[in-house]
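Residue numbers (my numbering): -6 to 231.
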Amino acid sequence: MTERKKVLVVEDEQDIRELLRFNLEQEGFHVVEAGDGELALALARRERPAVIILDIMLPGMSGLDICRTLRQEEETARVPIVMLTAKAAESDKVVGLEIGADDYVTKPFSPRELLARVRAVLRRAQGPETARPHQFYERGRLKIDFDTYQVFLDKEEVRLSLREFELLAFLARHPNRVFERLHLLDMVWGRDTYVEPRTVDVHIRRLRTRVERDDARPELIQTVRGVGYKFNDAALGD
Ligand code: CA
């Protein structure tokens, strides 16, 4: 690696900052640290980090406020952000993703998982900025074109409603993560419209008839009993 990539770690707890610094430096990153929002914003503007790891619970300005501010400013609008959230604060994740964070890791996290997320957001961000090619999801028999809103199964186009497409696209972008129905409502339908949680079930059921081999025994969009739904990408093979 010729040029070490810079990571900005925003976290008020020193132990966690040190843990992150140690692991990131092991991976060849250059680490800059901030313990509060003001310094975080100043460093984000000045140091131009390749990625920001942002804790939500901070004294003063919260991580969500910082994220919102970063997204509003031109120089920092596109820097990948991985949020750190407490396990109890489920809704923070949703809000975080909505206001432009790229991913999140729940505390307590394993450094390995966090590094994997950091590498993933960097990979995604490294796509050429000009003439961006279509964004695809492709695995096994399923292909999703996020730009043209087309879905193909074994190369045959599958007709989906806009909502079904958005639901599938959202799930495919977050494979193997379990989402509660209310979260899916927030992420896919948005907060402005009032929709009952069972609407999600109805759409999932319809989506299954389109994309599952046997919608009575769904393999791809799985129900996690008592919690919600997840996109099981292993069902697609390689
Ligand atoms: Ca904290």
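Yeah, the Cβ is synthetic: ideal placement off N, Cα and C, and Gly gets one too.
The way I'd put it, the segment 45 to 56 does touch the segment 66 to 78; three or more beta-carbon pairs between them come closer than 8 Å. At a cut-off of 7 Å, the beta-carbon of M76 does not count as near ligand 1: no heavy atom of the ligand is closer than that. Within 7 Å of the C-beta of E4 there is at least one heavy atom belonging to ligand 1.
Counting other Cβ atoms within 10 Å of its Cβ, K86 reaches 16 or more and is therefore classed as buried.
Taking the Cβ of L51 as the reference point, at least one heavy atom of ligand 1 falls within a distance shorter than 7 Å. In the three-state scheme derived from DSSP, where H, G and I count as helix and E and B as strand, H167 is classed as coil. If you look at R71, you'll find it isn't in any beta strand (DSSP E); DSSP assigns it neither H nor E. In this structure, V3 lies near A27, with their beta-carbon atoms less than 8 Å apart. Counting the other Cβ atoms within 10 Å of the Cβ of E157 gives 16 or more, which makes it buried.
Between ligand 1 and D85, a heavy atom-to-CB distance of less than 7 Å is absent. Using a 10 angstroms sphere on the CB of R105, the tally of other CB atoms stays under 16, which defines it as exposed. Residue pairing of E26 in beta bridges, as defined by DSSP: V2. Distance from the C-beta of D58 to the nearest heavy atom of ligand 1 is not below 7 Å. Nearest neighbour of L17 by Cα position, chosen from K(-2), E6, A33, turns out to be K(-2).
If you draw a straight line from the Cα of V88 to the Cα of T202, it is about 30 Å long. Secondary structure of G221 (DSSP, three-state): strand. Distance from the Cα of E68 is smallest, within the candidate group P42, R14, L90, for P42. Per DSSP, the unbroken alpha helix (DSSP H) holding D58 starts and ends at 56 to 65. When DSSP states are grouped into helix, strand and coil, R132 belongs to the strand group. Within the chosen limit of 7 Å, ligand 1 does not reach the beta carbon of D8 with any heavy atom. Comparing alpha-carbon positions, the option among T216, A165, I137 lying closest to R152 turns out to be I137.
G56 counts as buried, since at least 16 other C-beta atoms from the protein chains shown sit within 10 angstroms of its C-beta. The DSSP-derived three-state label of I49 is coil. D96 is bridged by DSSP to V75. Setting aside the 5 residues that flank it on each side, E150 is surrounded in the same chain by Q143, V144, each with a C-beta closer than 8 Å to its C-beta; the list follows chain order.
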